[in-house]
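Here's the structure we're looking at; comments come further down.
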Amino acid sequence: MTWVNQPRNWHRDGTGLALRTEANSDFWCTTALGYDHDSGHAFLAREQGDLVFEATVEGDFLVSHDEVGVMVRLNHRLWVKAGLQLIDEALWAVVVSTRDTSDMSSTPLPSVPLDGSVRFRLEREGNAVRVRCRPQGGQWHELRLAPFPAGVPVGIGPMACSPDRAGFSARFSDCDLQMGPPAWSWPD
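Residue numbering for the sequence shown follows the working numbering, beginning at 308 and increasing consecutively.
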């Protein structure tokens, strides 16, 4: 695994990772905000073909737009990130799909406290990326199905950013990467 914008403070053990973000770190391209930022932190495995990546994420949320989650990335203009983001003093599941410009969707998670955790799942199959999340003790929710180029190597793994401050503590546990098409279906 290699870093996109390695933070100064990070630690990895077993299937977990912890980091503290640098100031003004973000992944965003143009839409509505008028700026392009490729300064967020992502620890990515380079893989090709169909795959599934899951991680349980949590953070010490203090400031709006603190974010911890997962990412699949071809380059700085083509990527999908999904995670927990602090918006108006509450946690939301946010997905940003970027193909030259960023497109964001968000879902409130009123049952998840600021110190809670959520499991995120990225499934890359063929020419698409599917995003799901599951709050601790809850059920899976499908958040997004986004187009993504088939058959090209990508980076995939944990991601965190904090565009409005430095020092956001982000934690990832039970990280799991599976190669091949998703072997998963909705529970009965």
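Yeah, the Cβ is synthetic: ideal placement off N, Cα and C, and Gly gets one too.
At a cut-off of 4 residues, not a single continuous stretch assigned as alpha helix (DSSP H) sits fully inside the region 389-453.
A distance below 8 Å separates the beta carbons of Cys336 and Ser409. At the C-beta level, Glu430 and Pro489 come within 8 Å of one another. Distance from the Cα of Pro460 is smallest, within the candidate group Asp422, Asp345 and Leu385, for Leu385.
Annotated three-state conformation of Glu329 is coil, per DSSP.
Going by beta carbons, Ala389 and Pro415 fall outside the 8 Å limit. Residue state for Phe334 is assigned as strand, using DSSP reduced to three classes. Taking one beta carbon from each stretch, the region 463-480 and the region 309-329 have 3 or more pairs nearer than 8 Å; the two touch.
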